[in-house]
Amino acid sequence: MTREPPPLVEARGITKRYGPTVALRDAGIAVRTGASHGLVGRNGAGKSTLVAILTGLERPDAGTVAYDGEPAPAPADRAAWDRRVACVHQRSMVIGELTVAENLFLGRRPVTSRGLPVSWRRLRREARALLDTWGVPVPENALARVLSVEDAKMVEIARALSRGTRFIILDEPTAQLDGRAAARLFGHMRRLQDAGVRACVISPVGSACGVRGHLPAVAGGACDRKAPERPRGGATWALRQRGERACQASHARPGI
Ligand SMILES: Nc1ncnc2c1ncn2[C@@H]1O[C@H](COP(=O)(O)OP(=O)(O)OP(=O)(O)O)[C@@H](O)[C@H]1O
Ligand SMILES: [Mg+2]
Numbered sequence: 012m013t014r015e016p017p018p019l020v021e022a023r024g025i026t027k028r029y030g031p032t033v034a035l036r037d038a039g040i041a042v043r044t045g046a047s048h049g050l051v052g053r054n055g056a057g058k059s060t061l062v063a064i065l066t067g068l069e070r071p072d073a074g075t076v077a078y079d080g081e082p083a084p085a086p087a088d089r090a091a092w093d094r095r096v097a098c099v100h101q102r103s104m105v106i107g108e109l110t111v112a113e114n115l116f117l118g119r120r121p122v123t124s125r126g127l128p129v130s131w132r133r134l135r136r137e138a139r140a141l142l143d144t145w146g147v148p149v150p151e152n153a154l155a156r157v158l159s160v161e162d163a164k165m166v167e168i169a170r171a172l173s174r175g176t177r178f179i180i181l182d183e184p185t186a187q188l189d190g191r192a193a194a195r196l197f198g199h200m201r202r203l204q205d206a207g208v209r210a211c212v213i214s215p216v217g218s219a220c221g222v223r224g225h226l227p228a229v230a231g232g233a234c235d236r237k238a239p240e241r242p243r244g245g246a247t248w249a250l251r252q253r254g255e256r257a258c259q260a261s262h263a264r265p266g267i
């Protein structure tokens, strides 16, 4: 009998307080290799807090986070976190006044074998190769500010993938997109998933999220704050606020 591999990421029993506010109480999520997930919740349910914990930007007061069955990296080891997970935030993290190529290698311009920064020409070439690898149809020498919102997100995703991770959290990716642009972004994500990239899409309750098609279907398995012992692939997880009974995760429209 083959044993199931450990989840790509698993958070258990996460509690996080900010002063008197309990942002998360005994929350959990498990993302399995081979599945993409949705995470829904009302305003203030703790979605962004959970993302901050899953990406190592915040430490929980209680609970554990494991990647591939191993304890998460030390908080200061940013390179190790970047290899495991990246979050594309609602607010764009590309710098409009820089080119796409500069944005892709922000803070880590490649060096030659002699330790010198590579030429701009080579940087652009490497950027083009990266964009082609991940199917991002934008010119590498364009200023980022001329990009559409969805193209800018694709550049951010390519940047994250170039740092090694194959797990991307998208925080409310469709918030500033019309239907067509959202469809383009989700089409891009579907192609990335075919190439082995996993996503967790954060959405407010009732809006687009989740996975479908040839990808693992949304289980509609709204759960409470705890990860079930054996979570199914492709689930949509719902963070409920205290006292909130109805959970609409199973009604979320499919996205990716
Ligand atoms: N740095 C902080 N300091 C104090 N309180 C915070 C902080 N971050 C989050 N909170 C509180 O924790 C709770 C959860 O917030 P969080 O931002 O994680 O929710 P959310 O589900 O992402 O909400 P939204 O849909 O509005 O983005 C809220 O009550 C919020 O006010
Ligand atoms: Mg939030």
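Counting with the working numbering, you get residues 12 to 267 for the letters of the sequence shown.
The beta-carbon is built from N, C-alpha and C at its ideal position, and this holds for glycine as well.
Please read all numbers here as calculations on a predicted model, not as lab measurements.
Quick check: residue i and residue j, are their CB atoms within less than 8 Å of each other?
i, j, result
"THR26", "GLY74", "yes"
"LEU172", "TRP131", "no"
"ARG89", "TYR78", "no"
"LEU158", "THR110", "no"
"LEU19", "ILE40", "no"
"GLY57", "ALA34", "yes"
"LEU65", "ILE213", "no"
"GLY156", "GLU108", "It should be noted that the sequence gives Arg, not Gly, for residue 156. In this structure, GLU108 lies closer than 8 Å to ARG156 by Cβ."
"LEU134", "PRO121", "yes"
"ALA210", "ILE179", "yes"
From residue i to residue j, what does the alpha carbon distance come to, in whole angstroms?
i, j, result
"ARG177", "ALA112", "20 Å"
"ASN114", "VAL105", "6 Å"
"MET165", "GLY118", "19 Å"
"GLU69", "ASN54", "19 Å"
"GLY175", "ASP182", "20 Å"
"GLY80", "ALA97", "18 Å"
"VAL208", "PHE197", "13 Å"
Below 8 Å on the Cβ atoms is my guess for residue i versus residue j; work out the distance and round it to an integer in Å.
i, j, result
"ARG23", "ASP72", "In fact, because the Cβ distance is near 14 Å, the residues do not count as touching under 8 Å."
"ALA138", "GLU151", "4 Å"
"VAL99", "PRO184", "7 Å"
"LEU188", "VAL160", "6 Å"
"ALA186", "GLN101", "5 Å"
Quick check on residue i: does DSSP put it in helix, strand or coil?
i, result
"SER59", "helix"
"VAL99", "strand"
"ARG201", "helix"
"ILE64", "helix"
"ARG53", "coil"
"ILE106", "coil"
"VAL42", "strand"
"VAL33", "strand"
Contact set, ligand 2 heavy atom to C-beta under 6 Å: LYS58, SER59
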